[in-house]
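What follows is a single structure, written as structure tokens, with notes after it.
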Amino acid sequence: MPDSFVVYNSAEREAGCGRGASMLEERMKHWRHAFKLDPNRALPDRALEEVCTSGTDAVIVGGTDGITYENSRRLIERISAYPVECVQEISDAEAVVPGVSGYLLPVVLNAGSVEWVLGAQQRAIKRYGDWIPWDMVAVLGYVVMNPASKVARRTGSQTRIDAEDVKAYARMAERMFRIPAVYVEYSGTYGDEKIVRAAREGTDRSHLFYGGGIAGETEARTMAKWADTVVVGNLVYRNVAAALETVHQAKEAKGGSE
Ligand SMILES: CC(C)=CCC/C(C)=C/CC/C(C)=C/CC/C(C)=C/CC/C(C)=C/CC/C(C)=C/CC/C(C)=C/COP(=O)(O)OP(=O)(O)O
Ligand SMILES: O=P(O)(O)OC[C@@H](O)CO
Ligand SMILES: [Mg+2]
């Protein structure tokens, strides 16, 4: 564990445990738009500045492969120059970086193996134990839909599922496991609106994220009708100007759980 880890006192550690939503979950409820930046991909300073000052609600640092402590720390340090909320989404327990304002912990609800629902998480909790600042944590219940994505291949996700299956996963996340957020993940491809709508129908309280293939304003506006937060990833690296346009579309669209 890096030496620079902050020591949390017991009151801070306990905050959010069994006492309602964590502080990160509370802030997350107001996110309409987020960018997801990959520590394993290069982004010029100018583009990073534009992303961080775009008016987006949060910058999520994470990806599926090639994620290390060093590349995550470097990217987080660059983002910290700007007054935007920066959270780390942990896909590898070795890469946890202190100093962000929150941690997103993924669970893949339709994974092909218990490893991605409980296994990796249990080992990380065993390793970090008392160091975990639970008030700065939010769990994301992923439903992974694009079979060609790295995340689907890594987790063996069962992607041949229909809208009723997705609705049931969303309900299960919210009602059985009390997971504060459901994430419909089409990483790399634009998704089916009916699927996102089904996830919306399955959730009353859980926050709904949509991510995947947002290529401009139209896609952002469409998915923001159902999702509380629209996440834009690859577009930042392909066409930063188009990525910036998605911010106001997602924020102005009426939808989500409004
Ligand atoms: C003191 C201090 C700072 C302590 C911090 C302690 C802390 C917060 C500890 C963490 C505890 C914990 C439970 C961590 C989770 C550990 C872990 C490894 C869980 C498994 C996560 C998981 C299911 C990974 C599978 C992949 C996945 C779902 C990744 C999420 C991100 C994602 C979907 C990215 C999209 O990637 P993709 O587009 O497919 O590919 P690219 O990267 O090419 O874009
Ligand atoms: O990279 P894209 O396809 O925009 O997807 C964003 C995000 O949902 C990835 O986890
Ligand atoms: Mg990505």
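In terms of our numbering, the sequence shown is residues 4 to 261. Using N, Cα and C, we set each Cβ at its ideal position, and we do this for glycine too. As the structure is a computational prediction, the values presented were derived from the model and not from experiment.
VAL169 sits in a helix when the DSSP states are folded into three classes. Distance between GLY258 and ILE164, taken at the CA atoms: about 25 Å. Note that the region 104-123 touches the region 136-146; at least 3 beta-carbon pairs, one per stretch, sit closer than 8 Å. Distances taken from the Cβ of GLU196 to the heavy atoms of ligand 2 include none shorter than 8 Å. DSSP places ALA37 within a strand segment (E or B) once states are collapsed to three.
VAL146 sits away from VAL117, with the two beta carbons spaced by 9 Å or more. In this structure GLU92 does not touch VAL62 by the C-beta definition: roughly 11 Å separates them, more than the 8 Å allowed. If you compare the alpha carbons of ALA223, THR192 and ALA184 with that of ARG208, the shortest gap goes to ALA184.
ILE63 is bridged by DSSP to LYS39 and VAL90. Relative to ligand 2, LEU107 has its C-beta separated by 8 Å or more from all heavy atoms.
For GLU188, the uninterrupted beta strand (DSSP E) segment begins and ends at 184-188. Looking at the DSSP output, PRO109 shares a beta bridge with LEU143. Nearest to ARG178 by C-alpha distance, out of VAL54, PRO136, GLU80 and GLU204, is GLU204. In the structure shown, THR225 falls within a helical segment according to DSSP collapsed to helix, strand and coil.
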